[in-house]
Amino acid sequence: MTVSTPASTASSKPIRTRFAPSPTGYLHLGGARTALFSWAYARHFGGTFVLRIEDTDLERSTPEAVQAIIDGMQWLGLQHDEGPFYQMRRMDRYREVIAQMLQEGTAYHCYSSPAEVEAMRERMRAAGEKPRYDGTWRPEPGKTLPPLPADRQPVVRFKNPLDGDVSWDDVVKGNITISNREMDDLVIARPDGTPTYNFCVVVDDWDMQITHVIRGDDHVNNTPRQINILKALGAALPLYGHVPMILGADGEKLSKRHGAVSVMDYPAQGYLPEAMLNYLARLGWSHGDDEIFSMEQFCAWFDLDHLSKSPAQFNPEKLAWINNHYIKLADNARLATMVKPLMEQDGADFSNAPDLPKVIGLLKERAHTVNEIGVAAMLFYRKPVPDAALLTQHFTDAVKPALADFAARCASVEWKKESLAPMIKEVLAAHTLKMPQIAMPLRLMLTGQLQTPAIDAVLELLGRDTVIARLQSYLA
Ligand code: GLU
Numbered sequence: 159m160t161v162s163t164p165a166s167t168a169s170s171k172p173i174r175t176r177f178a179p180s181p182t183g184y185l186h187l188g189g190a191r192t193a194l195f196s197w198a199y200a201r202h203f204g205g206t207f208v209l210r211i212e213d214t215d216l217e218r219s220t221p222e223a224v225q226a227i228i229d230g231m232q233w234l235g236l237q238h239d240e241g242p243f244y245q246m247r248r249m250d251r252y253r254e255v256i257a258q259m260l261q262e263g264t265a266y267h268c269y270s271s272p273a274e275v276e277a278m279r280e281r282m283r284a285a286g287e288k289p290r291y292d293g294t295w296r297p298e299p300g301k302t303l304p305p306l307p308a309d310r311q312p313v314v315r316f317k318n319p320l321d322g323d324v325s326w327d328d329v330v331k332g333n334i335t336i337s338n339r340e341m342d343d344l345v346i347a348r349p350d351g352t353p354t355y356n357f358c359v360v361v362d363d364w365d366m367q368i369t370h371v372i373r374g375d376d377h378v379n380n381t382p383r384q385i386n387i388l389k390a391l392g393a394a395l396p397l398y399g400h401v402p403m404i405l406g407a408d409g410e411k412l413s414k415r416h417g418a419v420s421v422m423d424y425p426a427q428g429y430l431p432e433a434m435l436n437y438l439a440r441l442g443w444s445h446g447d448d449e450i451f452s453m454e455q456f457c458a459w460f461d462l463d464h465l466s467k468s469p470a471q472f473n474p475e476k477l478a479w480i481n482n483h484y485i486k487l488a489d490n491a492r493l494a495t496m497v498k499p500l501m502e503q504d505g506a507d508f509s510n511a512p513d514l515p516k517v518i519g520l521l522k523e524r525a526h527t528v529n530e531i532g533v534a535a536m537l538f539y540r541k542p543v544p545d546a547a548l549l550t551q552h553f554t555d556a557v558k559p560a561l562a563d564f565a566a567r568c569a570s571v572e573w574k575k576e577s578l579a580p581m582i583k584e585v586l587a588a589h590t591l592k593m594p595q596i597a598m599p600l601r602l603m604l605t606g607q608l609q610t611p612a613i614d615a616v617l618e619l620l621g622r623d624t625v626i627a628r629l630q631s632y633l634a
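At position 371 of the sequence shown the residue is numbered 529 (our numbering), and the sequence of numbers has no breaks.
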C-alpha cells in the first residue's frame, strides 16, 4: 500500500483552512462557495478558518474590493478565526524566505533578460519542445556560470527538480501527477525584489500552517509548482482539493449574463443569507437527496467527501425556491426591518396602517424574494386610487345596496377574518349576489387593485375604521 504523505501529515494536526481571495472585484458566487467549503470543513473538525487577502497585484487590487469581500463574508456569516492577513503587509517575510532559499541553493539569481528568455522559448517552440527557461543561470555542481552582465538586476528563480514527478491525491479530483520535466524554474522574485504570486501563496500556506487548501480548479496548474517550493522549504504539505467551477445553465462559465454573480447583489434583491448558503452548499456537493439543511447540519456533514468532479450549474430558479423556503421560516419582524426601507422609498405611509409583520405573514407564503413582499405589501400602505374605468365596471348600481349593507354590518361585526367571512356570505345571500360581485369592488375601493390576498384577510388587516371610512367615501 502506498501511503500518501500529505494525508498522513495533515490528519495528525489541527485542521486549518483558508480563503484567499484576490481583491480585484466583488465576491463572486464561486469564491463564496469555496469560502463556504473551507469554513465548513474547519468547523466540522473544530479547526481554524483563516482569511487572507491576496493583494499583491497592485494594479488590480482595490480597497473597495477588499471591503466587498469582507461585507460578503459577513453577510453570509462565514466568520474567520484568524486574519484578515494582507500579503502586501508580509513583504519582509517573503524577502526573508527568498534570501534563505538563495542561501540554501534552492533558488538562484538569473540574469537572462526578458528578450533572452523570449528568444530561448522561441527556439524551443521551433524545435517542437515545450518552451521554458533553459537553465543558463542555474547553478549545478561543476558548472561555470556566464560572466555577470553589468547593470542588470537579476530575477530569482526557484530551482525546480529536473526529474521525477509531482503527485498529489486531490481531495476532489483524485490523483494528479505532473512530470517535473514539464515545469519551468519559476521566477519567485522580480528584478526589484518583489515576490511573485505563487511564491507568496506558498510562504503564506506554510506560515499559516494550512492543512487543507480548498480552491477553484483554475489553480490546479499552480499546485505542482507550489508543492515543489514547499518541499524545498522542508514544509509539511497541505492536502489540496480543487473544486470545479460554477457554470451557467447554458454550460458557459458563470458570468453576468446568467444573472447576478456578485454575492452582495443578492441581499439587495431580497435573498436571505441562509438561503444563499444552503444553495451554495449544494452546488457541487451532495448529501443523498437532502436539499434543505441548516449550516449547523452542513458543518456536521461536510468532510470533503461527495464533492462533485464535474462543474456545477447555477440555477437561479432553485435559488429562488430555496429562498422562498427560508422566507416562510423567517421571523416576520426580521423581514419587516428588511422591507420597510424599500417601502419607504416607494412612498409607503405607515401611520394608521396595519402592523407590517402581520401583513408580511399574510404575503410571504409565495414570495421568492423579500423585495417581492415589500412590493405586494404596498397595497396596505398607500392611498388607494382605483382606475376609474374599473370602478365603473365593478361598482354598479346592482351591487351598491349590498355594499351599503356590508358597510353597515362592519360597524358591529367582530373584527377578525373568521367572523368577516361568514358576514360577507350573509350579505351575498341577502342580495343574491356571487362572491366576485362584492369582492371586486371591495378590493378596488379598499386597496386600489383587483389582485389582493383573500378579502377577509385584507379586511382584518386594514382594520374596521379604515374599511368603513374608505367605503363611505364611495357610498356617500
Ligand atoms: N487568490 C486566488 C484567487 O482569488 C486564490 C489562491 C488560492 O486559493 O490559493 O483566485
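Positions of the beta carbon are idealized from the N, C-alpha and C atoms, including for glycine.
In this text the structure is predicted, and so the values were computed from the model without any measurement.
Inset, instruction - Using only alpha-carbon positions, find the residue among Trp573, His552, Pro474 that is nearest to His526. - result: Pro474
Legend entry - Ile336: first and last residue of the uninterrupted beta strand (DSSP E) it sits in: 332 to 337
Legend entry - Cβ neighbour criterion (16 or more within 10 Å) applied to Glu618: buried
Inset, instruction - Could you tell me whether the stretch 226 to 235 touches the stretch 477 to 486, where touching means 3 or more Cβ pairs closer than 8 Å? - result: no
Legend entry - Burial state of Gln384, where buried means 16 or more other Cβ atoms lie within 10 Å: buried
Legend entry - Cut-off 8 Å between Cβ atoms - residues of its own chain near Ile518, not counting five sequence neighbours on either side: Asn490, Leu493, Ala494, Val497, Ile531, Ala535
Inset, instruction - Using 6 Å as the cut-off, classify the Cβ of Ser180 as near or not near the heavy atoms of the ligand GLU, replying yes or no. - result: yes
Legend entry - Residues near Ala433 in its chain [Cβ-Cβ closer than 6 Å; skip 5 each side]: Ile480, Asn481, Tyr484
Inset, instruction - Give the straight-line distance between the Cα atoms of Lys414 and Asp292, rounded to the nearest whole angstrom. - result: 42 Å
Legend entry - Exposure label - Thr192; buried when at least 16 CB within 10 Å: buried
Inset, instruction - Inspect the beta-carbon positions of Arg210 and Ala178 and report whether they are closer than 7 Å. - result: yes
Inset, instruction - Could you tell me the distance, in whole angstroms, from the CA atom of Thr175 to the CA atom of Tyr437? - result: 21 Å
Legend entry - 7 Å Cβ cutoff, His267 in contact with chain B: Here chain B cannot be found, since the structure has a single protein chain.
Inset, instruction - Please report how far the alpha carbon of His640 lies from the alpha carbon of Leu187, in whole angstroms. - result: In the structure displayed, the chain extends from 159 to 634; residue 640 sits before or after that span and is not available.
Legend entry - Nearest candidate by alpha-carbon position, reference Pro296, set Gln311, Cys568, Arg315, Arg279: It should be pointed out that residue 296 corresponds to Arg in this sequence rather than to Pro. Cα-wise, what sits closest to Arg296 is Arg315.
Inset, instruction - Confirm, please, whether the CB-CB distance from Tyr398 to Thr381 is below 7 Å. - result: yes
Legend entry - Start and end residues, alpha helix (DSSP H) containing Arg567: 558 to 568
Legend entry - Test item: CB-CB of Val360 and Ile336 under 7 Å: no
Legend entry - Own chain residues within Cβ distance below 6 Å of Tyr244, not counting five before or after: Ile211, Asp213
Legend entry - Where Thr175 sits in the DSSP three-state scheme: strand
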